[in-house]
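In the working numbering, the protein residues as written are 1 to 48.
Don't be surprised by glycine CBs; every beta carbon is placed ideally from N, CA and C.
Small disclaimer: the values here were computed from a predicted structure and weren't measured.
Working notes for the structure below.
This is the structure:
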């Protein structure tokens with residue numbers, strides 16, 4: 001788990017690079033966010 005809330009949204013291409021810090025409005029408050037690549041956490045399964 002990432003131990004934090006996860007959100008997905010659309011941003012302009014100029015702001016879509018991983019590591020870009022943004023602010024989103026959630027319930028009327030500005031919340032800091034960061035663009036990250038998928039998947040959020042590495043897969044830990046083994047295919048034998």
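Distance CB(residue i)-CB(residue j) smaller than 7 Å
{"i": "residue 33", "j": "residue 15", "result": "no"}
{"i": "residue 18", "j": "residue 36", "result": "yes"}
{"i": "residue 41", "j": "residue 2", "result": "yes"}
Presumed contact (8 Å Cβ cut-off) between residue i and residue j, rounded CB distance
{"i": "residue 9", "j": "residue 24", "result": "7 Å"}
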